[in-house]
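Below is one structure, written out as structure tokens; the observations come after it.
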Amino acid sequence: MKAYFKTVHDITKIDIGEIDIYFSLGDIVVESKYNEKHGTKEIEIRGILDFNPIYSNLDLRRLIRPELLIIQGVISLFIDFPITVYDITSQIQSFTDIENFVENKFKKSTFKIEKKDYSNELELVLERIEDPKNKNLAVSVLDRWRKVLDFRKEDMFEKLYRDEELLGIFHILDLLSDIYVDDNTKIIVQSLGANSPNFSTKIKYLLSKEGITSEEEFDFVGVAIKCRNAIAHDRVVFQPVVNWPLAPFFNISESFIDVDILRCLTKKLIGNFFGINIWDNEYNEFAIKYLRPSVKNICEFIKKPSKYEIISIDDMDILNEKKHVITWESVYIRYLQNPKKIKIDKLGSALKSSFFNLELNSKNAYNIFNISVILIESNDSEIVDRCRENIECLLEKELIENNDLYEIIPEFDLHHVNYIKYKEIVLNKVRNNNTYFNLNDSMY
């Protein structure tokens with residue numbers, strides 16, 4: 000017995016511009032349409048299902064759900080937005096209209112968003128799903144990625160579901176790592192007394208096999224894995240200090256600020272699994288621009304500052320060409336994250352020459368401000384005086400605002416960084432110059 004079904008998803012709310020979709024998976028057809036009556040963009044999923052008379056008519060929705068979720072996973076991957084059952088605006092199921100379900104089996108698969116054509120990449124994804132050897136893994140990866148996207152969609156400030164999103168991302172990486180954990184790897188690990196490779200080993204092995212081998216990348220992923228382990232292994236969630244925007248629950252991942260990079264890395268690896276490289280450039284740009292040098296690199300710089308060039312992340316060409324480069328942004332963030340490992344006086348001594356020669360302009364304004372705030376705690380009086388002058392000058396030239404003086408403080412509180420001298424500056428501004436901070440009252 001055959002049953003016909005059709006579901007319609009309203010995608011009007013998704014800001015993706017013009018979209019053109021048509022493809023089939025088994026006996027299911029997916030097609031984008033425009034509903035002129037309601038003025039809505041829709042995705043129609045229709046198909047035929049073998050139906051055993053032992054089931055009731057109500058079971059049809061249950062029986063088609065697995066195929067529906069697979070289709071939603073495919074669409075979500077390319078539009079970078081979760082398509083879910085909650086988007087369904089109408090459903091039809093019938094045992095009598097099957098003869099009306101006639102499709103052109105030779106129609107070419109299409110997936111276009113504005114001027115971007117993902118049709119060839121779509122074919123590669125469908126091939127993986129239709130391959131019995133890869134179907135389970137392919138569907139699992141797509142579904143977990145769609146769930147990660149859903150966490151992001153429901154969380155405007157990335158605080159409510161931050162922990163859950165990280166677990167979802169690492170679930171995907173764990174699934175992908177199983178491709179490379181072969182018998183030889185297991186034998187080596189078992190010889191060391193373990194039953195299977197531990198989580199960190201599997202993820203780093205996955206990265207190495209995928210050509211992601213730089214020290215910065217491994218260091219970044221190592222930090223992320225520690226955060227994931229803390230969430231997954233039921234660590235105490237209480238934190239005495241939180242940062243804006245305020246979350247309704249404690250987040251173990253509160254201090255992990257690089258979710259965007261981890262998300263970008265994961266999508267690249269998903270693409271690799273499906274034989275797709277369209278997300279490689281996006282990840283490479285993120286990695287070059289935002290993956291901070293490791294603490295080891297910063298410590299090496301402190302020992303031999305003349306060996307390194309300090310630049311802004313905006314100077315992409317230099318970052319690409321030179322090996323011994325660190326950014327002002329990386330110095331600031333690494334110090335915040337590791338105030339006990341990176342000694343402020345040694346850091347100040349290494350930065351002094353470059354810092355004093357840094358031109359005070361709009362391009363360098365926030366780098367100068369951030370570095371001034373941390374170096375003002377130095378015991379070098381010349382550095383302290385220059386930091387005070389910088390802050391005053393930035394304010395006078397309106398390169399920073401009064402609110403900036405305050406907004407940097409929660410970051411210091413979160414990372415337990417002392418700012419005794421800087422606190423004096425802020426308090427003096429409040430008391431003597433009648434400065435006030437116009438805080439946004441909508442940040443929960």
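Using numbering that gives the first Met the number 0, the letters of the sequence shown map in sequence onto residues 0 to 443. Glycine residues also receive a C-beta, built at the ideal position from the N, C-alpha and C atoms.
Hey, out of C386, I178, F248, whose CA is closest to N356's CA? C386
For L398: DSSP bridge partner residues: Partner(s): none; L398 has no beta bridge.
Using three-state DSSP, classify Q238 as helix, strand or coil. coil
Looking at the strands, I want to know which residues DSSP matches up with I309. I325
Considering only C-alpha positions, which residue in the set V84, K267, E17, Y33 is nearest to V140? K267
For L48, name the three-state secondary structure that DSSP assigns. strand
Taking the alpha helix (DSSP H) that F355 belongs to, which residues open and close that run? 343-355
Can you confirm whether the region 239-253 touches the region 410-427 when touching is taken to mean that 3 or more C-beta pairs between the two stretches lie within less than 8 angstroms? yes
Just to confirm, is the Cβ distance from S377 to N389 under 8 angstroms? no
Limits of the unbroken alpha helix (DSSP H) element including I506: The structure shown has nothing for residue 506, since the chain only spans 0 to 443.
Starting from Y282, trace the alpha helix (DSSP H) both ways and give me its first and last residue. 279-289
Per-residue DSSP class, three states only, for D154: coil
According to DSSP, what are the bridge partners of S89? V7
Expressed to the nearest angstrom, what Euclidean distance is found between the alpha-carbon atoms of N276 and Y117? 11 angstroms
Which residues DSSP lists as bridging Y21, in chain order: E30, T109
I'd like to check one pair, F219 with L172: are the Cβ atoms closer than 8 angstroms? no
Straight-line CA distance for I382 to V294? 23 angstroms
Between which two residues does the alpha helix (DSSP H) holding E376 run? Run containing E376: none; DSSP gives neither H nor E here.
Run through DSSP, which three-state label would F214 get? In the sequence as displayed, the identity of residue 214 is Glu instead of Phe. Here E214 sits in helix by DSSP.
Cross-strand partners of T83 (DSSP beta bridge): BP columns for T83 are empty, so no partner.
Cβ pair P292, E215 closer than 8 angstroms: yes
Just curious, the alpha helix (DSSP H) that S199 is in, first and last residue? 198-208
Indicate the three-state DSSP secondary structure (helix, strand or coil) for I390 in the structure shown. helix
State the Cα-Cα distance for the pair K225 and D177, rounded to the nearest angstrom. 20 angstroms
Those residues which DSSP pairs with I42 across a bridge: H8, S31
Determine the closest residue to D149 out of T83, F169, K106, L125, with distance taken between C-alpha atoms. T83
Quick one, are the C-beta atoms of D79 and D9 less than 8 angstroms apart? no
Which residues in the same chain as L374 place their Cβ atom closer than 6 angstroms to its Cβ, once the five residues preceding and following it in sequence are excluded? G347, I382, C386
What's the call for L57, buried or exposed, on a 16-neighbour Cβ count within 10 Å? exposed
Among the residues of its own chain, which have a CB less than 6 angstroms from the CB of V444, if the five just before and after it don't count? Look at the range of the chain in this structure, 0 to 443, and you will see that residue 444 is not part of it.
Counting only the same chain and skipping the five closest in sequence on each side, list residues whose C-beta sits under 7 angstroms from that of I168. V147, L261, R262, T265
Considering only the beta carbon of each residue, do L166 and R234 sit closer than 8 angstroms? no
Check this for me: beta carbons of R45 and F4, under 8 angstroms apart or not? yes
Can you grab the Cα-Cα spacing for the pair K396 / Y334, in whole Å? 27 angstroms
What three-state label does DSSP hand D116 in the structure shown? strand
A246 - DSSP class collapsed to helix/strand/coil: coil
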